[in-house]
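Student:
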Amino acid sequence: MANEHPYAPWRRMILVPCWIIQILLSGFTLVIISIVVARFMRDDSGDGGGDDDDYNGDFKTSFGIAWFYIVFSSIYIILTITEIVLMLRHKLKPIIFFNMNVLKSTSWTVLFIISCWNSFGLFKIMPNSVGLIFHIILLLAFYIPLTHGFLIMYRNHKAAKYELVNFKHVSYDSTTEPFPDTFPQIYKAFTTVETADLEANNQTTERPRRLSYNHIRDTRFDTYKQTRRSFSDPNVMRSMTASPPGFGALTPVTRNRSGTWSLPIPRVVVNDYDALSEANMRSEFR
1 MANEHPYAPW RRMILVPCWI IQILLSGFTL VIISIVVARF MRDDSGDGGG DDDDYNGDFK
61 TSFGIAWFYI VFSSIYIILT ITEIVLMLRH KLKPIIFFNM NVLKSTSWTV LFIISCWNSF
121 GLFKIMPNSV GLIFHIILLL AFYIPLTHGF LIMYRNHKAA KYELVNFKHV SYDSTTEPFP
181 DTFPQIYKAF TTVETADLEA NNQTTERPRR LSYNHIRDTR FDTYKQTRRS FSDPNVMRSM
241 TASPPGFGAL TPVTRNRSGT WSLPIPRVVV NDYDALSEAN MRSEFR
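Be aware that the sequence shown starts at 1, since it is given in the UniProt record's numbering, and climbs by one per residue.
(1) How close, in whole Å, do the beta carbons of Ile-65 and Ser-115 come, if the pair is a contact with beta carbons under 8 Å?
(2) Given that a residue counts as buried once 16 or more other Cβ atoms are within 10 Å of its Cβ, and exposed if not, what is Ile-14?
(3) Would you mind working out which of Leu-25, Pro-9, Ile-70 sits nearest Val-36, comparing C-alpha positions?
(4) Indicate whether Pro-26 and Ile-95 have their beta-carbon atoms separated by less than 7 Å.
(5) Check Arg-39 in the structure and name its three-state DSSP category.
(6) Out of curiosity, what's the CA-to-CA distance linking Ile-75 and Asn-128?
(7) Out of curiosity, what's the CA-to-CA distance linking Phe-63 and Thr-29?
(8) From Lys-104 to Asp-43, what does the alpha carbon distance come to, in whole angstroms?
(9) Among Ile-81, Lys-60, Met-41, Trp-67, which one has its Cα closest to the Cα of Val-16?
(10) Hey, quick one: how far does the alpha helix (DSSP H) through Lys-158 stretch, first residue to last?
(11) Label Phe-247 either buried or exposed according to how many other C-beta atoms from any shown protein chain fall within 10 Å of its C-beta, with 16 as the threshold for buried.
(12) For Leu-138, which residues in the same chain have their Cβ closer than 6 Å to its Cβ, ignoring the five residues on either side in sequence?
(13) Considering Pro-94, what are the terminal residues of the alpha helix (DSSP H) in which it resides?
(14) Determine whether the beta carbon atoms of Asn-101 and Leu-140 lie at a separation below 7 Å.
(15) Using the Cα positions of Thr-61 and Trp-117, report the straight-line distance between them to the nearest angstrom.
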């Protein structure tokens, strides 16, 4: 999963402030130290090199540390911009992000330790409080993304142990459900149901076709529908005003809300048997 899905759920609220601090402070360090080194080299070339005693070991060490700051500050800016570009293009993999932040955090920690050793061990002076706060803020800006990248990489590594089912390569088995004997023949095809077996992954290239519902239509309902619509025709209704044999007069034709003509209601004729039964029922209720 980690290899197939390179874009992890990064928290931009965590990364964006840290990236801004890294670029600003690293750029500030690069500019200041570059100016100091350039002025020192210009003054040194103007003095004609001087004696060898002027270049003592302590000063050479400080000069070398300054060059390390210049090189690594440039690397920090390049790596941070690379992370931002990969993030915007949705190609920032957890392993790449973690390795970049390990390099930045480790190198800046080493530079911080060397800088403190240069101040305390060689020159026997206390470092500037502003510079100390500057180093601590930049360390936090490096270690917070490092921790976040480690958590994302750990989650992706844990999720990679569970293989997802590839729905493009599943097998289908057709099963026939029982149906009653009086079931219409044209609808028996609907009792065949295809069930997907997700466990059987046969890696087939083509997906089996499902059953087609293009069955033979039953036109009996269409005939009834046409007959029902014919009652809405005024001409048909006028022709039906004459009562059929065996029925009484039809009720007047009325119009409902939908604008269609209602069906004629025949008069119900009660025969002698019905009248006798009704009389007996009335006598029972008395």
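C-beta atoms are modelled at their ideal positions from N, C-alpha and C, and glycine is treated no differently. Note that the structure is a prediction, hence the values are computed from the model and not measured.
Tutor: Considering the structure as presented:
(1) 7 Å
(2) Its Cβ having fewer than 16 others within 10 Å, Ile-14 is exposed.
(3) Ile-70
(4) Reading off the sequence, residue 26 comes out as Ser, not Pro. No, they are not a contact pair.
(5) helix
(6) 25 Å
(7) 15 Å
(8) 33 Å
(9) Ile-81
(10) 129 to 159
(11) For Phe-247, the predicted model reports a pLDDT of 47, less than 50, meaning its position is unreliable; a value from the coordinates is still stated below. Phe-247 should be labelled exposed.
(12) The answer, listed in chain order, is Leu-25.
(13) Segment 94 to 117, the alpha helix (DSSP H) holding Pro-94.
(14) no
(15) Roughly 11 Å between the two C-alpha positions.
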